[in-house]
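**Student:**
Written out as structure tokens, the structure reads:
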């Protein structure tokens with residue numbers, strides 16, 4: 001199969017625990033692009049979280065916010081917001097549970113609590129600046145995704161209350177909140193249709209729970225060696241870890257790069 005496009009998750013895939021891109025990954029992406037293959041970031045992060053990473057890799061196209069906001073070569077091609085009535089129900093329920101929320105818009109993100117330890121801890125893990133405080137942001141602006149801050153033990157408090165929303169944990173203290181049918185795969189599908197590329201001609205790399213649909217949707221789904229254990233069953237192949245040339249080794253397996261002489 002001659003693959004034409006490759007999608008890459010960020011955390012645990014393009015960047016390691018220190019949020020650094022391994023040098024070999026930078027070189028592998030450069031070689032891939034030189035061969036005429038589209039390289040696209042596919043992440044749960046918002047664009048303002050990964051701009052330096054995209055610039056370092058020379059990538060201008062991305063699936064962001066778990067498929068809610070898609071940009072191709074600098075141009076927005078798809079955007080999906082969470083309806084305000086859904087946000088209102090979420091805000092009211094979270095307030096009852098005393099759980100904080102962060103609202104992610106197209107240009108920045110805002111919290112409904114100041115100096116909340118769960119927000120500070122989860123956001124610091126991304127190595128980005130803390131959100132601004134604006135509790136009513138969701139009432140006046142489009143929300144593409146939200147962070148709900150609660151422990152895994154409290155997550156059941158939301159079961160059955162929000163049939164139109166989906167909750168995906170990404171940190172011990174935080175989960176992504178997105179439309180029930182939202183996923184990276186949804187954004188990828190839209191972009192592939194726009195470009196006229198079949199899903200069988202696409203590959204994807206990921207390591208987290210929000211990568212399940214993406215790896216299953218494309219022609220070749222590759223899980224990193226450092227992946228969440230539950231992701232492995234959804235992958236076609238498991239490469240080495242992010243710090244062990246995982247991207248290059250996966251691209252070699254896919255026939256998109258040649259193995260280097262020993």
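Numbering (our numbering), first residue to last: 1 to 262.
A virtual CB, placed ideally from N, CA and C, is assigned to each residue, including glycine.
(1) Can you have a look at residue 198 and say buried or exposed, based on whether 16 or more other CB atoms are within 10 angstroms of its CB?
(2) From this set, 258, 164, 235 and 73, which residue's C-alpha is nearest residue 223's C-alpha?
(3) With distances taken from CA atoms, which of 239, 258 and 260 is nearest residue 250?
(4) Consult DSSP for residue 21 and reduce its assignment to one of helix, strand or coil.
(5) Would you mind giving the Cβ-Cβ distance between residue 203 and residue 220, rounded to the nearest angstrom? I have them listed as a contact below 8 Å.
(6) Which residues bound the alpha helix (DSSP H) around residue 168?
(7) Of the choices 147, 11, 231 and 18, whose alpha-carbon is the least far from that of residue 119?
(8) Relative to the C-alpha of residue 212, which candidate in 200, 228 and 201 has its C-alpha closest?
(9) Please give me, in chain order, every unbroken run of the beta strand (DSSP E) with length at least 3 that falls completely inside the stretch 85-158.
(10) Residue 254 and residue 72 - do their beta-carbons sit closer together than 7 Å?
(11) Residues in its own chain within less than 6 Å of residue 128 by CB, not counting five upstream and five downstream?
(12) Are the CB atoms of residue 186 and residue 105 within a distance shorter than 7 Å?
(13) What span of residues does the beta strand (DSSP E) with residue 162 cover, start to end?
(14) Among 61, 205, 179 and 160, which has the Cα closest to the Cα of residue 242?
**Tutor:** Looking at the atomic coordinates:
(1) exposed
(2) 235
(3) 239
(4) coil
(5) 4 Å
(6) Where residue 168 is concerned, there is no enclosing alpha helix (DSSP H), although the beta strand (DSSP E) it sits in stretches over 165-171.
(7) 147
(8) 228
(9) 100-104, 109-111 and 145-149
(10) no
(11) 49
(12) no
(13) Premise fails: residue 162 is in no beta strand (DSSP E) and is neither H nor E.
(14) 205
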